[in-house]
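For reference, the structure is listed below as structure tokens.
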Amino acid sequence: MQIAYQTASPPACGRPVSVFGAPAHNARRQECPLPCRNCRPRARRGGRTAPAGKARSGIHRREPRAPARPPPLFACLRRDSDLRRQPCKIPAFNLFPIATVSGSPRPLRVAINGYGRIGRCFLRALLESPLREALEVVAINEPAKLDSIAYLTRYDSTHGRFPGQVALRDGQLEIDGRLIAVSHAQTPEEVDWRALDIDLLVECSGHYGYRCDLVRFLDAGCKRLLLSHPGHGAEDVDATIVYGINQHQLTGAERLVSNASCTTNAVVPVLDLLQRAIGVEQVLLTTLHSAMNDQPLADGYHHADLRRTRAALPSIIPVSTGLARGVERLLPDLAGRVQAKAIRVPTLNVSAIDVVVEFSRDVTAGEINALLAQAAAGPLRGLLAFSDEAHASIDFNHDAHSAIVDGSQTRAAGPRLVNLLLWFDNEWGFANRLVEVAGHWLRAAPTKNSAAQD
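Take any residue in the sequence shown, note its place counting from 1, add 920, and you have its number in this note's numbering.
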């Protein structure tokens, strides 16, 4: 089976959205990047909604608009008069492929192991993605009770209500008419992945990081395993992928692939751009990360890291991080030049990275902002965004970008030292990268259907 990819063109609906994801009323706007079928139907008079494709008698529907022109290079800037306009030298690539399955009787079958925060975000992001017709979630393994699984799919305190129909039928989860088998196994061997005919298993439990544990899924019949977290070491997985940086390295022969971490996905595209365009000598990263479910509401003996035994809400808590190691794994040119630390803050979602960079030559804050803005409007569009408005972290809740550069916080201390601030939704942005890596990997991977056609 082959998946044909084509470039996503702007839709005809004309629905305006903020270019950096967050719905800010003062933001520069562009045409809706989602397919028209995902936009909400127009409301009838009286507050009722007309069915898609039908119009109430006497009400004339507006003809679709012509596709909008791509925004100019600096369309994502609110104020750009003080920035140096220079041509972007970064090669562009297609970030938003629309998958169409040709010559196949079915979409590729995906399962989720661990249906917590990232597992549920992955399912929701896939169903809101153009890849929803090419990849279908057919099974979930989660030890929790079935009614809790359905309830937390339908209602989410962070991202709001699920935008579709969620129900239970015959012991299965039903989403928009599609049935998803649910199991409650505690170990990889308890699920017969071979019988489920799974093309890809997305491991979202976070319990497995060593190769000796990961191969247990393969031995149980799983064809390919995509981790929603880093492997414990580079040798524990066949590849570690950050979409937009090295997804082209996937050949389809891999069986164990990691999607790295949310912080790695946020900072690596920025550091890669700065290293290639200017040159980087040293980097210091400080992650200000929202609280996570490995932190208790009250002090308790539940973690080997003593600081993580402390209550999450009343304190700002330093924790250990493998971010520096993850960056150097993806960007070997920066090996030995990156240091990182992490601080948990008592917020529900959306995190930030304070980036201090020593460059190889003299630079200005305006030059760095211009470079990042160009990349956000061009080759890294959809992965990186730029804004210099007065933001708070909540503005980027449910933002699908890997990172948003806050240009208003860029500071230069001397001729070669620059401080940047990156915002990122540590759940939703990462879940969207997980979907894109899954689609890219399965596109490269041979399947029994494509083999039969050959």
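Backbone N, C-alpha and C fix where the C-beta goes; we use that ideal spot for every residue, glycine too.
So, helix, strand or coil for residue i, using DSSP?
| i | result |
| --- | --- |
| residue 1354 | helix |
| residue 1306 | strand |
| residue 1063 | coil |
| residue 1428 | For the chain, the structure presents residues 921 to 1374; residue 1428 sits outside this window and is missing. |
| residue 1173 | coil |
| residue 1053 | helix |
| residue 1187 | helix |
| residue 1278 | strand |
| residue 1326 | strand |
| residue 1375 | Look at the range of the chain in this structure, 921 to 1374, and you will see that residue 1375 is not part of it. |
| residue 1289 | helix |
| residue 1081 | coil |
| residue 1364 | helix |
| residue 1069 | helix |
| residue 1226 | helix |
| residue 1314 | helix |
| residue 1159 | strand |
| residue 1038 | helix |
| residue 965 | Reliability fails at residue 965, whose pLDDT of 39 lies under 50, so the model's placement of it is uncertain and the value that follows must be treated cautiously. Coil, per DSSP. |
| residue 1136 | helix |
| residue 1215 | coil |
| residue 1015 | Here the model assigns residue 1015 a pLDDT of 37, short of 50, so the residue's position is not dependable, and the following value carries that caveat. Coil at residue 1015, not helix or strand. |
| residue 1000 | For residue 1000, the predicted model reports a pLDDT of 36, less than 50, meaning its position is unreliable and no value from the coordinates is stated. |
| residue 977 | Low per-residue confidence applies at residue 977: pLDDT is 39, beneath 50, and the placement is therefore not dependable enough to give any value. |
| residue 1141 | coil |
Given a cut-off of 8 Å on the beta-carbon distance, is the pair residue i and residue j in contact?
| i | j | result |
| --- | --- | --- |
| residue 1272 | residue 1341 | yes |
| residue 1222 | residue 1264 | no |
| residue 1237 | residue 1230 | yes |
| residue 1270 | residue 1338 | no |
| residue 1324 | residue 1350 | no |
| residue 1040 | residue 1185 | no |
| residue 1066 | residue 1102 | yes |
| residue 1034 | residue 1125 | yes |
| residue 1157 | residue 1147 | yes |
| residue 1122 | residue 1140 | no |
| residue 1322 | residue 1303 | yes |
| residue 1044 | residue 1082 | yes |
| residue 1145 | residue 1134 | yes |
| residue 1364 | residue 1172 | yes |
Who are residue i's beta bridge partners in DSSP?
| i | result |
| --- | --- |
| residue 1238 | 1263 |
| residue 1273 | 1207, 1342 |
| residue 1123 | 1033, 1147 |
| residue 1100 | 1093 |
| residue 1332 | 1338 |
| residue 1258 | 1203 |
| residue 1028 | 1055 |
| residue 1178 | 1147, 1160 |
| residue 1301 | 1304 |
Write down the C-beta distance between residue i and residue j rounded to the nearest angstrom, noting that I regard them as a contact closer than 8 Å.
| i | j | result |
| --- | --- | --- |
| residue 1181 | residue 1216 | Incorrect: roughly 22 Å between the Cβ atoms, too far for contact. |
| residue 1054 | residue 1031 | No, residue 1054 and residue 1031 are not in contact; Cβ-Cβ is about 16 Å, not under 8 Å. |
| residue 1348 | residue 1326 | Residue 1348 to residue 1326, Cβ: 18 Å. No contact. |
| residue 1099 | residue 1114 | Incorrect: roughly 20 Å between the Cβ atoms, too far for contact. |
| residue 1357 | residue 1167 | 6 Å |
| residue 1261 | residue 1206 | 6 Å |
| residue 1056 | residue 1029 | 6 Å |
| residue 1204 | residue 1254 | Going by Cβ atoms, the distance from residue 1204 to residue 1254 rounds to 12 Å, so no, they are not a contact pair. |
| residue 1199 | residue 1136 | Rounded, the Cβ-Cβ distance is 44 Å, inconsistent with contact. |
| residue 1154 | residue 1174 | Not really, about 13 Å apart at Cβ, beyond 8 Å. |
| residue 1095 | residue 1085 | 7 Å |
Just tell me which of the options has its CA closest to the CA of residue i.
| i | options | result |
| --- | --- | --- |
| residue 1312 | 1303, 1328, 1299 | 1328 |
| residue 1187 | 1333, 1250, 1268 | 1250 |
| residue 1051 | 1365, 1355, 1364, 1361 | 1355 |
| residue 1381 | 1213, 1346, 1082, 1315 | The chain is shown from 921 up to 1374; residue 1381 falls before or after that span and cannot be answered. |
| residue 1061 | 1242, 1093, 1314 | 1093 |
| residue 1314 | 1045, 1066, 1078 | 1078 |
| residue 1290 | 1072, 1330, 1183, 1235 | 1330 |
| residue 1286 | 1083, 1074, 1335, 1080 | 1335 |
| residue 1193 | 1279, 1266, 1317, 1211 | 1279 |
| residue 1211 | 1155, 1133, 1268, 1225 | 1268 |
| residue 1189 | 1300, 1288, 1316 | 1300 |
| residue 1138 | 1155, 1176, 1152 | 1176 |
| residue 1104 | 1085, 1091, 1084, 1131 | 1091 |
| residue 1239 | 1225, 1248, 1252, 1298 | 1225 |
| residue 1275 | 1202, 1071, 1027 | 1202 |
| residue 1248 | 1309, 1195, 1266 | 1195 |
| residue 1108 | 1097, 1218, 1071, 1063 | 1063 |
| residue 1127 | 1116, 1117, 1106, 1118 | 1106 |
| residue 1131 | 1118, 1117, 1152, 1116 | 1152 |
At a cut-off of 7 Å, is residue i close to the ligand MG when judged by its beta-carbon and the heavy atoms of the ligand?
| i | result |
| --- | --- |
| residue 1308 | No copy of the ligand MG appears in this structure; indeed no ligand is present at all. |
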